[in-house]
């Protein structure tokens with residue numbers, strides 16, 4: 001494959017051994033409402049972190065802060081050695097390295113699947129069309145729908161659309177992938193096909209932050225589980241510890257309700 | 001078949017389980033097909049059925065009435081005569097070829113666009129071809145199969161009807177052509193009785209018409225008497241009523257039959273055909289009811305005289321003449337070749353039936369005065385027209401005037417379509433089969449717009465509005481690209497930047513300070529431009545566009561462009577610009593000589609309406625987009641300015657904007673008084689429509705879910721890129737129907753320019769029917785204008801629907 005030869009040298013601003021995501025005392029308010037309270041997390045390269053918690057606990061807001069879809073008001077977020085601030089160049093640099101998958105897919109309905117995937121690499125990374133299309137082909141193969149390249153999102157099922165969304169995020173060759181409840185809008189039959197893609201991605205060594213309610217997935221794939229409640233991380237640990245040996249009463253209550 | 005399965009173990013009472021596998025069946029006949037449509041849409045309920053019947057009756061009655069009027073009563077010659085005026089206004093005849101070429105070019109581009117965005121099916125092509133062929137075949141068949149109706153002229157030397165009634169003229173001149181036959185006979189068929197006389201229907205001179213009127217009056221008096229007599233015989237009348245009826249009866253006198261008092265066609269008539277140019281008699285005869293018609297074949301084109309004299313003074317004869325037809329006279333003022341006013345006025349004589357035109361003077365009679373001719377206004381069609389006469393007199397000449405136009409348009413469209421298909425088959429990659437034609441069509445539209453503007457107006461080194469057009473064309477091209485999601489790569493951008501830069505440079509005129517230069521350049525074409533800068537600008541810009549076109553085609557052919565290609569393209573582009581700069585001055589002079597400026601005051605008719613519409617659409621779309629984005633801007637200054645603009649423009653009627661453009665502009669600067677009217681109207685149209693477009697587009701932008709913008713940001717697109725590739729294309733697609741509504745409204749609103757003294761289609765129509773020759777023909781004229789507006793609006797609606805249904809729009813409409 002020629003794309004591997006053309007792959008540019010990726011420069012990391014982070015030092016060897018440093019966490020790829022570092023959050024220190026992140027605080028955020030929606031008006032009067034204190035949605036994130038002193039959130040501090042480090043994520044190491046290739047780590048898979050699953051974020052769970054009741055709705056309204058701030059877990060989605062937290063991962064949206066990491067690529068600046070939401071602005072945090074206090075604290076420090078450092079991604080790949082670049083600090084997130086108001087400097088638009090830093091934001092752009094960070095967004096290039098982070099892929100994101102949304103609950104509602106948010107595919108661009110006026111473009112074909114292929115154009116959805118190739119748009120950002122061509123416009124942001126200035127790839128040639130050939131290179132971007134080769135990459136798109138490879139990614140569609142990887143998510144298992146190579147035959148859908150010429151269709152429009154409206155012509156695909158929900159599971160297929162979410163897989164396209166994953167391919168679109170991966171096309172920018174990000175170092176980190178954020179998943180914001182990727183299976184919540186799917187029919188039960190389609191959840192598995194999306195989770196399979198995510199598992200494969202985790203095995204390949206991608207750094208992942210996943211907000212989900214799929215406990216099976218969390219148990220199987222996660223290196224670490226964060227439990228959010230009222231804007232705070234109240235529990236953090238390996239899946240075994242978390243599911244079988246939860247400490248915090250709120251965690252226990254949550255687990256007893258969903259398991 | 002569903003079976004009751006409650007006998008099964010565990011089965012619930014009352015549960016139906018489909019145990020037998022049943023194949024899918026056809027739906028019942030009343031669920032699909034035309035029958036179902038009729039039932040569901042026309043006769044669904046009793047109310048529906050009633051409504052259908054009532055509306056159906058109203059439609060049928062009014063359509064029958066309209067068609068009956070169209071055929072039997074209407075005089076369409078006001079339309080068939082003035083087609084050129086309605087199409088082009090008083091546009092210089094010497095410059096007419098430019099419009100022809102522009103029409104051909106436009107048709108070509110439409111063909112390209114069809115290849116890029118639509119598909120023409122075989123049956124559609126064949127149907128169009130058949131229609132075009134019919135436009136030629138029908139008039140040919142009609143002219144050969146149906147003879148022209150005769151002209152009835154009276155002979156005699158008494159006043160008809162009353163002492164001041166019309167008297168037959170003894171000599172009448174007419175236009176004839178080589179080889180035509182004139183045949184004259186007594187109209188004996190109509191002279192037998194008054195009843196027969198009222199059957200007469202055709203062209204008739206005033207005297208013959210007066211005879212006809214006598215007969216009609218007598219018959220109606222007779223009918224009245226019969227009616228009154230019948231009522232008097234009724235037994236249920238009171239004395240008062242009886243007395244009133246009797247006085248009424250006493251007041252009516254039934255005249256003697258007209259055929260008898262006038263001794264119609266009972267005396268011989270001496271007729272002669274005289275060559276108007278030489279004065280020699282070509283044929284003569286004494287006609288009475290027994291002689292065969294006098295037939296004369298005309299030797300040359302020109303004026304002829306029919307002389308008809310009677311020996312008996314108290315008798316009148318009506319002659320049925322074939323070969324003489326009513327004539328229109330118009331006076332044309334010709335300017336001198338150097339543009340000086342009124343070199344002289346010339347009378348033109350046009351034969352109504354075939355448009356044969358002569359400019360020679362009429363022959364003079366014995367006293368030296370010019371002889372009268374069968375003038376259209378006095379020789380109108382009498383009686384109820386027949387369908388064959390309608391076809392022969394109005395349909396065939398009309399079709400004969402428009403068929404060449406349609407044929408040329410059809411051929412040019414076909415060539416454009418084939419060219420688009422050919423481009424695709426040669427240059428487009430297999431996975432994007434239409435990309436070349438799409439790009440070519442997008443670029444051609446921009447070039448066409450410049451071509452229309454320069455072509456219609458002409459070329460001058462001082463014509464700075466051409467730069468304005470150029471700038472708008474640039475904006476238009478960019479939109480064409482953004483809409484397709486196909487932004488030009490760096491080479492294209494450099495081309496754009498250079499073209500825009502050169503265009504801006506042209507605004508800085510030598511001899512004026514930059515601001516004066518800018519204002520002068522923007523608004524005043526009459527500023528003397530001694531410098532060749534302007535010519536350079538336009539020529540360089542055009543060449544750049546052509547270069548860019550080559551670049552685009554080249555790019556889609558050689559996929560995977562390497563930096564070397566860009567460098568090569570840039571070098572080629574640079575050389576072309578250099579050549580353009582060197583060649584600009586001589587080229588500009590040549591162009592200015594080949595395409596001299598036309599007088600904007602003479603623009604009119606369909607030409608002006610279409611110019612206003614095209615400029616309105618192309619100008620208001622980019623402006624509307626900018627305003628919509630500006631109003632949503634986070635910067636308060638920009639959003640306030642845009643909001644103010646939009647609200648003010650929407651808060652005043654279009655007519656006041658037009659008046660302001662017409663009257664207030666000179667107050668800003670006296671030198672602006674010369675600014676041509678059509679351009680003011682164009683600017684007013686753009687200003688007005690842009691505000692409405694902006695609101696529609698803003699609505700579209702607001703309808704885009706916020707997730708789209710988030711997703712675009714998440715993949716790293718900048719704010720500008722997000723707007724250009726994600727939100728704006730979706731919003732524009734979403735607002736196609738309301739925006740097309742705006743454009744249709746604007747197209748119709750252009751008719752308001754008639755109020756500020758411009759002669760668009762409607763203004764021209766009003767102008768025509770104000771002339772004496774066409775007095776009383778306003779219904780025909782306005783009906784024609786109505787049809788014109790309707791056809792164009794309908795085409796716009798169909799195009800809008802096709803755009804909505806095409807490509808990504810169709811896929812998008814299946815909502816996620």
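Chains as they are written, first to last, in the numbering used here: chain S, 1 to 259; chain H, 1 to 816.
The C-beta atom is built at its ideal place from N, Cα and C for all residues, glycine as well.
Considering only residues of the same chain and omitting the five flanking positions on each side of residue i, which have a CB-CB separation below 6 Å?
| i | result |
| --- | --- |
| residue 215 of chain H | 194, 197, 198, 258 |
| residue 56 of chain H | none |
| residue 45 of chain S | 20, 207 |
| residue 403 of chain H | 135, 136 |
| residue 58 of chain S | 35, 36, 228, 231 |
| residue 195 of chain S | 217 |
| residue 65 of chain S | 72 |
| residue 222 of chain S | 48, 50, 239 |
| residue 272 of chain S | This structure cannot speak to residue 272 of chain S, because chain S is shown only from 1 to 259. |
| residue 677 of chain H | 758 |
Leaving aside the five residues before and after residue i along the sequence, list all residues of the same chain whose C-beta is less than 7 Å from its C-beta, in chain order.
| i | result |
| --- | --- |
| residue 116 of chain H | 420, 434, 437, 438, 441 |
| residue 150 of chain H | 202, 320, 321, 322 |
| residue 189 of chain H | 196 |
Between the alpha carbons of residue i and residue j, how many angstroms are there, rounded?
| i | j | result |
| --- | --- | --- |
| residue 268 of chain H | residue 763 of chain H | 51 Å |
| residue 140 of chain H | residue 302 of chain H | 24 Å |
| residue 162 of chain S | residue 447 of chain H | 43 Å |
| residue 182 of chain S | residue 220 of chain S | 17 Å |
| residue 176 of chain S | residue 90 of chain S | 16 Å |
| residue 116 of chain S | residue 132 of chain S | 11 Å |
| residue 253 of chain S | residue 235 of chain S | 13 Å |
| residue 204 of chain H | residue 381 of chain H | 7 Å |
| residue 353 of chain H | residue 286 of chain H | 28 Å |
| residue 408 of chain H | residue 36 of chain H | 43 Å |
| residue 250 of chain S | residue 429 of chain H | 60 Å |
| residue 184 of chain S | residue 53 of chain S | 14 Å |
| residue 167 of chain H | residue 157 of chain H | 6 Å |
| residue 801 of chain H | residue 114 of chain H | 14 Å |
| residue 790 of chain H | residue 782 of chain H | 12 Å |
In chain order, what residues of the same chain have a beta carbon less than 8 Å from the beta carbon of residue i, not counting five sequence neighbours either side?
| i | result |
| --- | --- |
| residue 515 of chain H | Any answer about residue 515 of chain H is weak, because its pLDDT of 46 lies below 50 and its placement is not dependable; what the coordinates show is given next. Here the set comprises nothing. |
| residue 232 of chain H | 242, 245, 246, 249 |
| residue 192 of chain H | 259 |
| residue 186 of chain S | 158, 159, 162, 194 |
| residue 819 of chain H | Chain H is shown from 1 up to 816; residue 819 of chain H falls before or after that span and cannot be answered. |
So which residues of chain A does residue i contact, with C-beta pairs closer than 9 Å?
| i | result |
| --- | --- |
| residue 132 of chain S | No chain A is part of this structure, whose protein chains are labelled S and H. |
Which complete alpha helix (DSSP H) runs does the region 651-726 of chain H hold, if anything under 4 residues is left out? Residue ranges of uninterrupted alpha helix (DSSP H) with 4 or more members, entirely inside the region 651-726 of chain H and ordered along the chain, are 654-659, 665-668, 677-703, 706-714.
Taking contact to mean 3 or more Cβ pairs, one atom from each stretch, closer than 8 Å, check whether the region 225-239 of chain S and the region 74-87 of chain S are in contact. Under the Cβ criterion (8 Å, minimum of three pairs), the region 225-239 of chain S does not count as touching the region 74-87 of chain S.
Taking only beta carbons into account, state which residues of the region 99-117 of chain S come closer than 7 Å to chain H, listed in chain order. Answer in chain order: 100, 102, 104, 106, 108, 109, 110, 111, 115.
Positions along the region 62-82 of chain S whose CB lies within less than 7 Å of some CB in chain H: 67, 69
Kindly confirm or deny that the region 687-704 of chain H and the region 737-756 of chain H touch, where touching means at least three C-beta pairs closer than 8 Å. In short, these stretches touch, since the Cβ pair count reaches three.
Quick one: which residues of the region 723-737 of chain H get their C-beta closer than 8 Å to a C-beta of chain S? List them in chain order. Taking 8 Å as the Cβ-Cβ cut-off against chain S, the residues of the region 723-737 of chain H that qualify are 725, 726, 729, 730, 733.
Using a beta-carbon distance cut-off of less than 7 Å, what residues from the region 696-711 of chain H approach chain S? Cβ contacts with chain S: 707, 708, 710, 711.
Taking one C-beta from the region 53-72 of chain H and one from the region 367-378 of chain H each time, how about it: are there three or more such pairs within less than 8 Å? no
Just checking, does the region 699-717 of chain H make contact with the region 637-646 of chain H on the three C-beta pairs under 8 Å criterion? Contact between the region 699-717 of chain H and the region 637-646 of chain H is absent, because fewer than three Cβ pairs lie under 8 Å.
If you scan the region 238-276 of chain H from start to end, which runs of the alpha helix (DSSP H) of 4 or more residues do you find wholly inside it? 239-251, 258-261
Counting only Cβ-Cβ distances shorter than 9 Å, please list the residues of the region 72-104 of chain H near chain S, keeping chain order. none
Counting only Cβ-Cβ distances shorter than 7 Å, please list the residues of the region 430-461 of chain H near chain S, keeping chain order. none
Inter-stretch contact (C-beta, 8 Å, three-pair minimum) for the region 680-695 of chain H and the region 643-658 of chain H: yes
Any C-beta of chain S within less than 9 Å: which residues of the region 591-609 of chain H qualify? none
Give, in chain order, every residue of the region 771-785 of chain H whose Cβ lies closer than 7 Å to some Cβ of chain S. Listed in sequence order: no entries.
The region 166-173 of chain S / the region 92-108 of chain S touching (three or more Cβ pairs under 8 Å): yes
Three CB pairs or more closer than 8 Å across the region 612-619 of chain H and the region 677-685 of chain H: yes
Across the region 714-726 of chain H and the region 741-751 of chain H, are there enough close Cβ pairs to call them in contact, namely three or more that are closer than 8 Å? no
The region 773-789 of chain H in contact with the region 622-635 of chain H per 3-pair CB rule at 8 Å: no
My parser needs the beta strand (DSSP E) runs of 3 or more residues fully inside the region 199-224 of chain H; what are they? 202-204
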